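Asks: Quick one: the structure is below, and I'll ask about it shortly.
Chains as they are written, first to last, in the working numbering: chain A, 55 to 382; chain B, 55 to 382; chain C, 55 to 382; chain D, 55 to 382; chain E, 55 to 382; chain F, 55 to 382.
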């Protein structure tokens with residue numbers, strides 16, 4: 055089975071209008087739209103057509119990260135929008151239960167404690183069967199001083215809830231307010247910051263069952279292992295390679311060299327197949343003639359992988375982590 | 055002829071998606087959508103159907119004010135959005151030349167000088183036949199200290215351009231970032247602030263031909279003339295009633311008592327017919343059975359107006375101010 | 055009996071000097087002046103002479119709002135000044151017990167919780183017989199981000215105390231630090247903001263016996279009922295006209311048209327006679343030959359009021375709300 | 055002749071009311087009071103009575119420094135107040151030409167360049183015969199980051215004007231917004247900061263004829279010469295004692311030991327007699343039975359002064375600096 | 055015995071490198087150096103050679119105040135540095151137990167409560183025999199709004215701990231971020247601010263056994279007693295001279311006139327011998343031929359001191375305050 | 055010849071002390087140390103010993119980047135420190151002319167225009183023979199909003215000077231004030247931000263001869279080419295691979311996989327040999343038994359490189375860019 059562990063909903067026109075109104079009115083006043091079944095179905099079918107084209111069996115759907123508006127003032131904007139998007143995810147999954155699973159967005163807000171997200175998360179997981187969530191390490195979106203790094207106690211309420219619910223979080227930033235740092239690059243930088251903070255902290259001693267996935271090949275870290283290996287040697291104790299294996303990663307780097315480097319660095323048992331398709335990588339590569347995010351053939355071509363490695367990457371690493379997943 | 059001097063475009067779905075993307079990506083990257091003729095035509099026809107229902111001959115269309123995003127960082131967001139909206143206004147007017155005229159939005163940005171707007175304004179008026187523009191007295195949208203009041207030199211570059219182009223500006227704020235002040239109320243408060251600043255300044259000595267229209271019945275000022283009359287008496291010189299006649303007002307208060315008070319206070323030659331329909335007032339009044347913003351019958355019912363007063367309000371006050379207007 | 059429910063003390067010269075010293079020294083050091091009986095008597099007599107001239111029997115006296123200095127740093131300035139002013143109110147009332155009743159100012163400070171005001175309020179009401187208080191919805195006076203709107207929990211400690219003491223609050227802002235918004239206009243805008251926040255909130259469900267008076271004819275809201283009626287229709291439930299009747303208003307708009315519009319909009323049982331005389335409106339109207347704030351004849355001239363309406367406005371609405379009032 | 059080179063006007067009641075109104079209204083609106091001759095005369099006579107009691111022939115009068123409100127927003131407040139106070143100084147001097155000379159206050163505002171003060175200063179000196187001015191080294195009054203030190207180019211426009219007009223400036227701070235630093239202590243600290251900045255700068259190379267007086271015995275510096283002497287030795291070049299003689303000082307320390315230390319440190323030819331009477335020191339010393347600021351006998355008692363030293367301190371140092379002074 | 059109650063460690067080269075790294079890396083990452091015994095011994099011997107030259111028997115050593123980096127972000131920088139410096143003080147004292155005693159630095163940080171310092175202080179005193187500590191009244195070092203004055207409850211946790219441990223604190227500021235106020239002058243100004251705040255507060259009623267020493271002759275206050283005496287007279291109650299005797303002072307003013315004025319003002323039983331040698335005053339006075347901070351002969355030359363006065367200043371005032379001191 | 059194009063001076067103890075004093079005193083006062091020839095020689099020899107051990111012929115030396123203190127207030131700190139460090143670089147090179155060449159640090163300061171650096175840069179290149187410089191894309195060091203990206207006009211004055219002097223700049227950030235982002239990671243993130251901004255800009259159209267080197271393997275970009283290739287395809291025009299070849303990169307990633315990926319991605323003619331040795335990578339790799347930054351054998355082991363590729367990487371790419379370099 056080919057599971058694409060990291061993908062996002064397609065947003066119906068009515069929802070875009072709602073987002074535009076929310077931002078323009080700063081949620082005062084606001085009136086959430088009622089999406090028709092037809093609108094939800096069309097959006098979902100768009101994705102399924104793509105999945106069928108590239109051979110994906112199941113996608114794990116979450117709200118589109120860069121549109122989470124975690125820094126738009128006031129907090130009510132992102133709160134209403136998160137509800138709307140999680141509802142959309144849920145309805146899409148219910149409509150196509152064989153093809154999708156639900157991963158929740160969280161109503162994080164700027165530098166406020168993530169405690170406000172716990173109820174929403176519990177509700178989605180316990181009442182609606184969501185199997186994971188997104189976690190944004192910088193909900194200020196670069197507009198002001200960021201909250202402490204992921205190694206800090208600031209995040210412990212979320213970690214505690216993740217462990218209690220036994221679900222993984224996909225660490226994924228949202229938009230970017232700094233003109234010099236596009237949101238697509240901020241994804242990468244935030245993953246690098248998140249990894250280094252976690253691995254310099256006591257988080258995994260405190261939460262040994264915590265499951266965190268760093269998408270996009272783990273930001274810059276696997277490419278810069280030399281730098282961090284030297285740091286670990288100087289500190290004594292575990293090597294950085296060992297530490298990295300506390301985390302999980304996915305293949306959304308859209309480049310064979312990069313995916314190879316990732317797997318060689320962290321191991322084939324730490325990498326999840328993922329495409330975010332349709333998304334950033336959905337442009338036709340003039341060389342291969344395929345979209346950059348059509349990654350199944352790329353992985354199948356990697357010579358040094360065993361059959362088991364491939365099955366792990368395409369399915370088993372994922373189902374092991376997302377253990378609330380049940381094949382339908 | 056019934057001219058509705060203050061109305062806004064209906065926004066196609068594709069444009070809402072664009073706005074959502076602009077805000078989410080902070081315009082980095084960004085790619086403006088190409089609206090189809092079909093999309094523009096449908097949006098325009100929606101308005102015309104309403105106009106036909108309530109008996110309006112011509113509407114002056116501008117971008118929807120509360121969606122101008124003048125305070126969303128960085129400036130590139132509102133700049134791109136304003137271009138997109140003015141293009142939409144222009145295409146709608148070109149498609150239905152007998153029913154619409156174009157009024158431009160300006161790419162104002164927070165507390166920066168409005169000089170950056172002059173090129174856009176000239177282009178729209180001289181190259182595309184726009185006949186007026188919106189002017190937002192607080193482009194910070196309440197997020198931070200506002201720019202100086204409309205009586206200040208800060209605004210003189212705009213006033214100079216307005217006089218040079220011989221067009222009026224409709225003073226209309228945009229969104230509101232303060233949770234306690236909804237954008238719809240901020241419209242009113244900004245109009246009150248604008249009027250009092252102008253009338254305490256030398257602006258009309260410096261720009262005797264400047265034409266400014268305060269919509270929504272002039273904010274709170276006509277209702278609070280007593281307060282300002284007393285101030286004028288203490289200062290000596292002109293009465294406040296005389297001063298008010300330097301300005302123009304429109305009928306978008308959606309209440310007969312209010313419109314009567316307005317006309318009695320400023321004179322029937324200073325009031326323009328306007329509805330913003332479809333808009334805030336487009337809800338069915340359970341008493342009259344008509345929409346609150348169906349104002350033609352309301353004005354026709356006001357007993358103390360002469361036939362000439364009515365013609366002035368419905369047409370001539372407007373065509374006198376907007377003298378680039380030409381009946382088709 | 056003619057009760058002027060909204061008036062302010064005349065401030066003796068010694069107190070002005072004290073205020074000047076407080077601001078100049080930022081209350082460090084500070085030494086409160088001891089006002090002589092003579093100074094207090096002269097100030098009080100000044101008001102009584104005016105009352106006699108216009109036919110007022112009793113005035114409810116409070117500190118002069120625009121001089122409350124709620125935003126002058128540090129908090130000790132407004133704390134000392136409020137004490138001084140409430141003492142002055144108390145002494146004036148004690149000296150002329152047949153002509154005045156006392157309404158307290160509160161030592162509100164910028165965006166800090168109003169909890170610090172509760173002791174002062176209790177003391178003035180329980181120990182000194184004050185019968186109401188002022189409440190400033192924006193003690194930052196426009197210098198920085200305002201506190202949440204009156205519908206927010208931020209204000210509940212005050213509402214609870216008002217209910218416990220069974221006294222009304224007169225919602226009245228103080229000064230204004232923004233050059234473009236004079237304090238006299240800020241009064242109006244703050245009333246509009248206050249009303250809309252309260253009516254969009256659950257405050258009156260939580261505090262059903264809360265009594266709030268919006269002076270100056272309720273800011274801009276009665277003039278803009280059309281806008282808010284439409285909003286209420288869209289939301290379903292009560293009409294905006296019904297909601298408005300949870301509040302009370304007074305006549306300090308200084309204009310017959312405005313007072314008529316107010317009474318027609320909210321009902322003659324929701325309006326209190328008030329003049330703030332001597333104050334903003336104390337200038338001679340060249341048309342009537344009377345001061346703008348000489349409102350008794352204005353109200354007596356309103357044709358559509360019944361005798362009972364008039365008695366309600368001049369006396370009974372007021373005594374019903376201020377039920378600690380006892381005619382001497 | 056006994057010249058008290060540093061004293062301040064007594065402020066009439068009407069002016070205090072004006073200041074209170076200016077602060078409360080933030081100068082919007084504002085209406086300056088017309089002080090009666092009677093009010094000015096009474097205030098002036100109050101001072102003359104004191105001068106006669108302690109044997110002073112002439113006082114140099116300036117606005118009361120701590121009441122200059124240089125940091126009260128907006129700038130218009132201090133601008134209007136400075137005009138009012140300089141007018142009062144001028145009228146007082148004109149009324150009592152044998153007993154007073156005029157020293158101007160400047161409308162400095164927070165951290166803005168002092169260029170805005172030059173017109174006012176020229177006007178007072180050239181048109182009205184003022185013979186010097188105050189200079190506040192921190193017009194932010196401690197509310198925010200202060201402007202650069204007196205050794206910085208920031209102040210050169212003022213120094214240039216002082217040299218051009220050939221008048222001295224009395225370096226004197228105003229109020230203090232920091233609760234922990236009373237204005238009376240801030241005077242001292244600002245003088246210390248001012249002296250050390252000037253003496254570490256090139257100001258006197260650039261403006262060799264610049265005349266600056268540091269009141270209150272030169273802040274803390276004469277008491278801490280050891281510290282600065284060591285610094286000068288390490289730097290090479292002039293000694294700190296030599297450098298200090300580029301400045302002038304006055305006797306407003308109200309203590310014999312302190313005045314002796316001052317004179318021993320900077321020389322009897324660098325010290326001006328001054329009392330600021332009536333002012334901070336106007337309290338009865340239980341030991342001497344005289345007011346602390348009754349300094350003539352204190353200086354007369356200093357044993358090590360020659361007759362010429364005394365004449366210098368009481369008169370000649372002053373007339374040399376203030377060379378626009380002409381005995382009447 | 056000659057006790058120099060106020061002196062600072064000499065810092066080894068390795069420690070300077072550590073400080074440079076801490077600042078450059080903002081303590082992320084950081085690795086404290088292990089100072090060799092040799093390095094510590096050389097630094098200590100440097101001081102002892104100086105002590106022998108000027109006749110000092112014992113010095114009380116603390117971290118060098120201006121290098122405490124209390125305002126360098128983040129807090130971890132000053133925390134690590136304070137630990138390093140207190141360790142150095144401790145090792146130096148242990149190596150030369152007949153010549154030094156240890157006074158602790160505290161890891162104060164900007165405007166945060168000093169509660170975070172209590173553990174470090176207890177540890178140093180109880181476990182390592184430190185006999186006092188430094189206390190910085192402005193750990194923001196002038197970069198932003200300072201914490202409340204020393205009279206405020208903000209400081210009570212420290213006062214409580216000082217009383218519990220029965221040790222004195224030496225009130226001494228650190229660096230200065232404001233270009234116009236050098237750290238050496240800020241010492242003086244902070245002492246003046248500290249004294250005036252304490253003496254206007256209830257601190258000594260609440261903590262009657264609190265022992266605070268103001269070095270550098272008490273800032274500017276003894277030189278400005280006239281100003282504060284007048285204030286005390288106006289307030290009634292104790293004289294300022296009486297109040298000053300609740301505090302203690304030291305002789306680090308490096309000038310005979312200043313030390314004489316200090317002793318005359320506060321009494322010979324309130325002044326501790328101190329030099330900070332080697333330090334600011336360690337430059338050769340061309341007149342005396344001795345270093346400015348070679349103060350033993352200066353004090354011996356003061357004519358009005360009795361033998362007992364001298365013994366008090368050189369030894370007994372100090373041992374009375376620092377009663378954990380035990381002669382070895 | 056083996057040229058290590060990216061290395062930094064070893065700092066003598068005296069310089070660390072100076073840096074500690076500069077930070078502690080905020081450069082007020084300050085006195086630069088005179089480094090002895092002996093100190094400079096020892097520092098230089100330390101590096102040469104390492105070079106000999108690993109087979110490097112020549113190193114290009116610059117100030118140690120993370121110690122540039124570009125964000126320490128006030129600007130004078132970094133200005134003095136940069137001068138001191140560039141002097142050290144110069145003296146080291148002069149002492150060992152066969153083994154070193156000089157690359158300058160710039161006195162950049164927070165978000166101020168880099169114009170202030172041009173004189174220093176010209177002086178070092180023209181008068182002292184420096185052959186390149188460092189350029190920090192975020193001199194705020196993360197403390198506040200960063201300056202615009204490298205694609206912005208903000209940087210044009212530097213680019214113009216670089217072209218005029220015909221020298222390359224090594225894009226290298228300094229420290230990091232955000233606790234969650236260590237300086238070592240910030241290097242990487244800043245390089246990613248710099249590359250993406252440049253390649254989305256018109257900089258190379260405007261400055262076709264501009265030479266910029268991105269060290270550390272180009273941050274994260276070569277590892278994330280898929281993401282940016284897709285973006286370029288959607289935009290049309292050049293591929294991202296083509297654009298990347300406008301820039302140059304170096305090998306300081308300390309990992310064979312990473313260096314291979316880099317060379318495959320950008321080409322062997324765009325990569326410069328570099329080690330920063332001694333530095334971050336100077337820790338013993340337990341697997342290879344060599345230091346991580348001993349990269350010569352690593353590159354020699356890369357199978358797919360031709361002899362010419364190797365010569366390019368080790369020498370010719372470098373001498374082509376740094377064309378002021380002359381072999382001695």
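For each residue, glycine too, the CB sits at the ideal point set by N, CA and C. Nothing here was measured: the structure is a model prediction, and the numbers come from that model.
1. Determine the direct distance from the alpha carbon of residue 332 of chain B to that of residue 65 of chain B, and round the result to whole angstroms.
2. Is any beta-carbon of chain A found at less than 9 Å from that of residue 109 of chain F?
3. In chain order, which continuous runs of the alpha helix (DSSP H) of length 4 or greater are located wholly inside the stretch 67 to 119 of chain F?
4. Interface residues of chain D around residue 346 of chain E at Cβ under 9 Å?
5. Residue 363 of chain B by DSSP, collapsed to three states: which one?
6. Buried or exposed: where does residue 339 of chain F fall if 16 or more other Cβ atoms within 10 Å of its Cβ makes it buried?
7. In the structure shown, what three-state DSSP assignment does residue 124 of chain C receive?
8. If you measure from the beta carbon of residue 63 of chain F to each beta carbon in chain E, is any gap under 9 Å?
9. Grab me the residues of residue 242 of chain F's own chain with a C-beta within less than 7 Å of its C-beta, minus the 5 sequence neighbours each way, in chain order.
10. Please list the residues of the stretch 295 to 308 of chain C that have a C-beta atom closer than 9 Å to any C-beta atom in chain B, keeping them in chain order.
11. Taking the C-alpha atoms as reference points, what is the distance between residue 236 of chain E and residue 208 of chain F?
12. Measuring CA to CA, which of E:118, E:195, E:312, E:305 is closest to residue 157 of chain E?
13. Mind the definition here: the stretch 294 to 309 of chain B touches the stretch 338 to 355 of chain A only if three or more C-beta pairs lie below 8 Å; say whether that holds.
14. If you measure beta-carbon to beta-carbon, which residues of the stretch 233 to 262 of chain D are closer than 7 Å to chain C?
15. Could you pull out every residue in the same chain whose Cβ sits closer than 6 Å to the Cβ of residue 293 of chain B, ignoring the five residues on either side in sequence?
Replies: Reading from the atomic positions:
1. Here residue 65 of chain B is taken as the residue at index 11 of the second chain, counted from 1. Here residue 332 of chain B is taken as the residue at index 278 of the second chain, counted from 1. So the alpha carbons of these two residues sit roughly 12 Å apart.
2. Along the sixth chain, read from residue 1 onward, the residue named residue 109 of chain F stands at position 55. By this cut-off, residue 109 of chain F is not an interface position.
3. Counting only runs of 4 or more, we get 67 to 79, 91 to 108.
4. Here residue 346 of chain E refers to the residue found at position 292 of the fifth chain. Per Cβ cutoff of 9 Å: 280, 281, 283, 284, 287.
5. Counting from one through the second chain, the residue named residue 363 of chain B turns up at place 309. DSSP places residue 363 of chain B in helix when its eight states are reduced to three.
6. Taking the first residue of the sixth chain as position 1, residue 339 of chain F is located at position 285. Counting C-beta atoms within 10 angstroms of its own C-beta, residue 339 of chain F has 16 or more neighbours from the protein chains shown and is therefore classed as buried.
7. The residue you call residue 124 of chain C lines up with position 70 of the third chain. Reduced to three states, the DSSP call for residue 124 of chain C is coil.
8. For the purposes of this step, residue 63 of chain F is taken as residue 9 along the sixth chain, with counting starting at 1. Not one chain E Cβ lies under 9 Å of residue 63 of chain F.
9. Counted from its first residue, the sixth chain places residue 242 of chain F at position 188. Cβ neighbours of residue 242 of chain F beyond the five flanking positions: 270, 273, 274.
10. The stretch 295 to 308 of chain C vs chain B, Cβ under 9 Å: 306, 307, 308.
11. Position 182 of the fifth chain holds residue 236 of chain E. Position 154 of the sixth chain holds residue 208 of chain F. Answer to the nearest angstrom: the Cα atoms are 33 Å apart.
12. For the purposes of this step, residue 157 of chain E is taken as the residue at position 103 of the fifth chain. Checked all of E:118, E:195, E:312, E:305; the closest Cα to residue 157 of chain E is E:118.
13. no
14. 233, 236, 237
15. As a first step, residue 293 of chain B is located in the second chain; it is residue number 239 there, counting from the start. Counting only Cβ-Cβ distances below 6 Å, and skipping sequence neighbours, we find 286.
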